[in-house]
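All remarks here apply to the structure that follows.
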Amino acid sequence: MNFSLKRMLYVLALLLLLGAAVILLRTMMFNSPPEKVGSPLVVKDSLSYSIERFQGALRIPTVSNNVYDSTDFYSFERFGVYLSQVYPMLGKQLDSFRVNKYGLVYRWKGKDPSLKPYLFTAHYDVVPVQEATRHLWTHAPFGAEIADGKIYSRGTLDDKCSVISLLEAVKMHVDSGFVPKRDIYLAFGHDEECGGRNGALQIAQYFKSKEIEFEAVFDEGGVVTVKGTGGIDADLALVGIAEKGNANVSVKVKKAGGHSSMPASVTALGAASQIITNLESNQFEPRIIPPVKNMLSNVCHTMGFAAKMAVANSEIFEPVLLKVLTEKPSTNAMVRTTTAMTMISGSSAPNVLPQEVVFVGNFRVLPGESVEDVITHVKKAAEGFDAEVTLLQGNEPSAISPSNTRSIELLKANIEKYYPNALMTPYLTMASTDSRHYYIVSDNVYRFMPAQLTEKEQALMHGIDEYISIDNFKRMIFFYKDFMEMLD
Numbered sequence: 000m001n002f003s004l005k006r007m008l009y010v011l012a013l014l015l016l017l018g019a020a021v022i023l024l025r026t027m028m029f030n031s032p033p034e035k036v037g038s039p040l041v042v043k044d045s046l047s048y049s050i051e052r053f054q055g056a057l058r059i060p061t062v063s064n065n066v067y068d069s070t071d072f073y074s075f076e077r078f079g080v081y082l083s084q085v086y087p088m089l090g091k092q093l094d095s096f097r098v099n100k101y102g103l104v105y106r107w108k109g110k111d112p113s114l115k116p117y118l119f120t121a122h123y124d125v126v127p128v129q130e131a132t133r134h135l136w137t138h139a140p141f142g143a144e145i146a147d148g149k150i151y152s153r154g155t156l157d158d159k160c161s162v163i164s165l166l167e168a169v170k171m172h173v174d175s176g177f178v179p180k181r182d183i184y185l186a187f188g189h190d191e192e193c194g195g196r197n198g199a200l201q202i203a204q205y206f207k208s209k210e211i212e213f214e215a216v217f218d219e220g221g222v223v224t225v226k227g228t229g230g231i232d233a234d235l236a237l238v239g240i241a242e243k244g245n246a247n248v249s250v251k252v253k254k255a256g257g258h259s260s261m262p263a264s265v266t267a268l269g270a271a272s273q274i275i276t277n278l279e280s281n282q283f284e285p286r287i288i289p290p291v292k293n294m295l296s297n298v299c300h301t302m303g304f305a306a307k308m309a310v311a312n313s314e315i316f317e318p319v320l321l322k323v324l325t326e327k328p329s330t331n332a333m334v335r336t337t338t339a340m341t342m343i344s345g346s347s348a349p350n351v352l353p354q355e356v357v358f359v360g361n362f363r364v365l366p367g368e369s370v371e372d373v374i375t376h377v378k379k380a381a382e383g384f385d386a387e388v389t390l391l392q393g394n395e396p397s398a399i400s401p402s403n404t405r406s407i408e409l410l411k412a413n414i415e416k417y418y419p420n421a422l423m424t425p426y427l428t429m430a431s432t433d434s435r436h437y438y439i440v441s442d443n444v445y446r447f448m449p450a451q452l453t454e455k456e457q458a459l460m461h462g463i464d465e466y467i468s469i470d471n472f473k474r475m476i477f478f479y480k481d482f483m484e485m486l487d
């Protein structure tokens with residue numbers, strides 16, 4: 000081996016060692032939050048009257064309907080009347096008005112009208128209970144029964160707990176004579192489960208027309224998780240600073256029909272299957288967007304040295320990170336626009352070839368991509384087939400709210416008081432919420448419900464035997480009470 004080749008190998012080895020040293024040094028210096036200790040704050044007050052008012056709200060079946068005009072609006076009217084009866088402050092100490100008949104808005108005047116107000120929003124519509132599963136409920140779906148320290152009913156978690164805990168918090172303050180520094184608005188939508196177009200969107204547009212802009216908006220979204228959830232070795236308080244968009248796209252595939260005894264080489268159903276295969280095997284490219292990067296930076300130290308090293312040196316290891324993240328459905332959804340085939344229809348008989356097959360895909364759109372990108376993607380997958388691509392419904396991804404505002408710092412401080420065990424981190428909300436409609440009146444939109452839920456409890460939203468623990472409900476009331484007092 001000649002001298003120049005040896006020198007080149009020495010230099011290469013030295014560079015590799017230096018590179019490894021830099022990677023290790025950056026990993027060691029990577030800022031890891033201190034380990035959280037403690038337990039959730041326990042509210043000792045029985046709050047029996049608060050629980051009774053909550054039960055009354057749960058017993059009104061405010062079920063939203065995708066066909067808006069088919070909604071049972073009588074139940075929604077009953078709900079609004081019920082609130083005014085059990086919370087006499089509404090219309091007295093708080094200004095009360097409606098938007099689009101059933102959107103409920105309340106204004107609690109503060110001491111300084113020159114300051115931007117705060118908005119707390121929630122929704123009081125619930126998803127239906129499927130008749131096919133009603134017999135599986137161990138408690139009546141709208142009975143609001145209490146058993147083993149839990150309140151069972153549709154809407155306990157999603158989202159009447161937020162509506163009532165907010166009102167209970169305000170009631171406590173009004174009864175004590177407390178007046179906030181800024182105006183505080185409450186806005187309760189009535190069709191969040193169907194997209195919020197007749198509720199939250201109309202309310203947001205009302206605020207816009209009145210030139211009301213908010214310092215911050217607080218809605219449902221993230222919760223406090225339990226150690227071990229999603230493989231994270233810590234309790235997390237997840238505060239959503241952005242949410243994915245949503246697109247339902249139908250594809251109609253046409254082919255000659257007829258009797259199944261003489262099929263063509265490719266039938267309409269076969270062609271539809273090929274398009275579906277194209278979509279599932281050619282997914283959107285994964286990307287790590289800022290909310291996800293923030294979350295990974297906050298939690299990587301709980302996932303072992305290798306994960307911490309990959310995040311600390313993400314510009315080098317991003318391909319590895321993405322490969323790992325895309326292997327699990329829960330983390331795959333954090334880094335790409337997801338593709339899910341959900342519906343398909345063909346012929347009405349087993350021996351009849353359909354002349355057309357229609358299938359529907361649901362796409363959850365990552366910020367940075369658009370509903371139009373989804374349509375283009377589907378059309379590309381359908382090239383070469385007689386196929387008609389139609390957008391049935393679509394919502395663009397939300398903007399990304401800043402994670403360094405005064406509002407989120409106050410939220411963090413209150414989380415640390417009530418959940419000293421939890422590490423607060425910004426994150427990307429996968430589901431659609433009413434909050435996305437409020438970006439027209441605030442840049443600072445945050446999604447957090449102050450309840451600690453196990454994975455099983457989180458799965459109860461929209462599920463059988465939905466419940467909230469009484470401890471969580473009471474903690475939510477006092478969390479909001481203290482938070483409203485902190486806002487300056």
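In terms of numbering that gives the first Met the number 0, the sequence shown opens at residue 0 and continues consecutively.
All C-beta atoms in this analysis are idealised placements derived from N, C-alpha and C, irrespective of residue type, glycine included.
Since we're looking at a predicted model, the values are computed, not measured.
{"Check": "Quick check: what's the CA-CA separation for SER38 versus ILE414?", "Outcome": "12 Å"}
{"Check": "Could you round the C-beta distance between ARG363 and ASN245 to whole angstroms and report it? I think they count as a contact, below 8 Å.", "Outcome": "6 Å"}
{"Check": "Does the count of Cβ pairs from the stretch 90-105 and the stretch 180-187 closer than 8 Å reach three?", "Outcome": "yes"}
{"Check": "With three or more beta-carbon pairs closer than 8 Å as the criterion, would you say the stretch 415-431 touches the stretch 37-53?", "Outcome": "yes"}
{"Check": "Tell me the residue span of the alpha helix (DSSP H) that contains GLY269.", "Outcome": "267-280"}
{"Check": "DSSP three-state call for MET88: helix, strand or coil?", "Outcome": "coil"}
{"Check": "Expressed to the nearest angstrom, what Euclidean distance is found between the alpha-carbon atoms of GLY198 and SER63?", "Outcome": "11 Å"}
{"Check": "Looking at the structure shown, is ARG425 part of a helix, part of a strand, or coil, going by DSSP?", "Outcome": "Inspection of the sequence shows that residue 425 is occupied by Pro rather than by Arg. Strand at PRO425."}
{"Check": "Between GLY239 and TYR426, is the Cβ-Cβ spacing less than 8 Å?", "Outcome": "yes"}
{"Check": "Please classify PRO366: does DSSP put it in a helix, a strand, or coil?", "Outcome": "strand"}
{"Check": "Start and end of the beta strand (DSSP E) containing HIS122?", "Outcome": "117-122"}
{"Check": "Closest to ALA215 by C-alpha separation, out of MET448, ASN471, GLU465 and ASN443, would be which residue?", "Outcome": "ASN443"}
{"Check": "Give me the Cα-Cα distance between LYS100 and SER468, rounded to the nearest whole angstrom.", "Outcome": "32 Å"}
{"Check": "Measuring CA to CA, which of ASP487, TYR437 and PHE477 is closest to GLU210?", "Outcome": "TYR437"}
{"Check": "Let me make sure I understand the geometry here. Which of LYS91, TRP136 and PHE177 has the alpha-carbon closest to that of MET483?", "Outcome": "PHE177"}
{"Check": "Identify, in the order they occur along the chain, each residue of the same chain with its Cβ nearer than 7 Å to the Cβ of ALA270, setting aside the five sequence neighbours on each side.", "Outcome": "VAL252, LYS254 and PHE384"}
{"Check": "Could you give the DSSP three-state label for LEU186: helix, strand or coil?", "Outcome": "Checking the sequence, you will find Ala at residue 186 rather than Leu. Reduced to three states, the DSSP call for ALA186 is strand."}
{"Check": "Starting from the N-terminal side, write out each stretch of the alpha helix (DSSP H) that is 4 residues or longer and does not extend beyond the stretch 319-395.", "Outcome": "328-334 and 370-380"}
{"Check": "With MET483 as the anchor, note down where its alpha helix (DSSP H) starts and where it stops.", "Outcome": "469-485"}
{"Check": "Does any C-beta atom of chain B lie closer than 8 Å to the C-beta of SER259?", "Outcome": "Absent here is chain B; the protein component of the structure consists of one chain."}
{"Check": "Tell me SER95's beta-bridge partners as DSSP assigns them.", "Outcome": "TYR105"}
{"Check": "Please find out if some non-hydrogen atom of the ligand HEM comes closer than 7 Å to the beta-carbon of ARG133.", "Outcome": "Of the ligands one can find in the structure shown there are none, so the ligand HEM has no counterpart to examine."}
{"Check": "Does the distance from the CB of GLY55 to the CB of TYR81 come in under 8 Å?", "Outcome": "yes"}
{"Check": "In the DSSP assignment, the alpha helix (DSSP H) including ALA412 goes from what residue to what residue?", "Outcome": "405-417"}
{"Check": "Tell me the DSSP secondary structure of ALA306 in three-state form.", "Outcome": "helix"}
{"Check": "Please tell me whether PHE447 and GLY142 are closer than 8 Å, where the distance is taken between their beta carbons.", "Outcome": "no"}
{"Check": "Run through the stretch 224-259 for me and flag every whole beta strand (DSSP E) of 3 or more residues, listed as ranges in chain order.", "Outcome": "234-242 and 244-253"}
{"Check": "Can you tell me where the alpha helix (DSSP H) with ILE163 in it begins and where it stops?", "Outcome": "160-175"}
{"Check": "Answer yes or no: do ALA241 and SER397 have a C-beta to C-beta separation smaller than 8 Å?", "Outcome": "yes"}
{"Check": "Rank GLY79, VAL173 and ILE463 by C-alpha distance to the C-alpha of ASP157 and give the top, closest one.", "Outcome": "ILE463"}
{"Check": "Which residues in the same chain have their Cβ closer than 7 Å to the Cβ of ALA339, if we skip the five residues on either side of it in sequence?", "Outcome": "GLY360 and ASN361"}
{"Check": "Cα separation between THR155 and ARG52?", "Outcome": "13 Å"}
{"Check": "For SER431, count neighbouring C-beta atoms within 10 Å of its own C-beta (all shown protein chains included) and say buried if the count is 16 or more, exposed if not.", "Outcome": "buried"}
{"Check": "Ordered along the chain, which non-local residues of its own chain (more than five positions away) have a Cβ less than 7 Å from that of GLN201?", "Outcome": "VAL98, ASN99 and GLY102"}
{"Check": "Could you pull out every residue in the same chain whose Cβ sits closer than 6 Å to the Cβ of ASN167, ignoring the five residues on either side in sequence?", "Outcome": "First, the residue type needs correcting, since residue 167 is Glu and not Asn in the sequence shown. These residues qualify, in order along the chain: SER49 and ILE476."}
{"Check": "Compare the beta carbon distance of MET429 and ALA236 with 8 Å and say whether it is the shorter of the two.", "Outcome": "no"}
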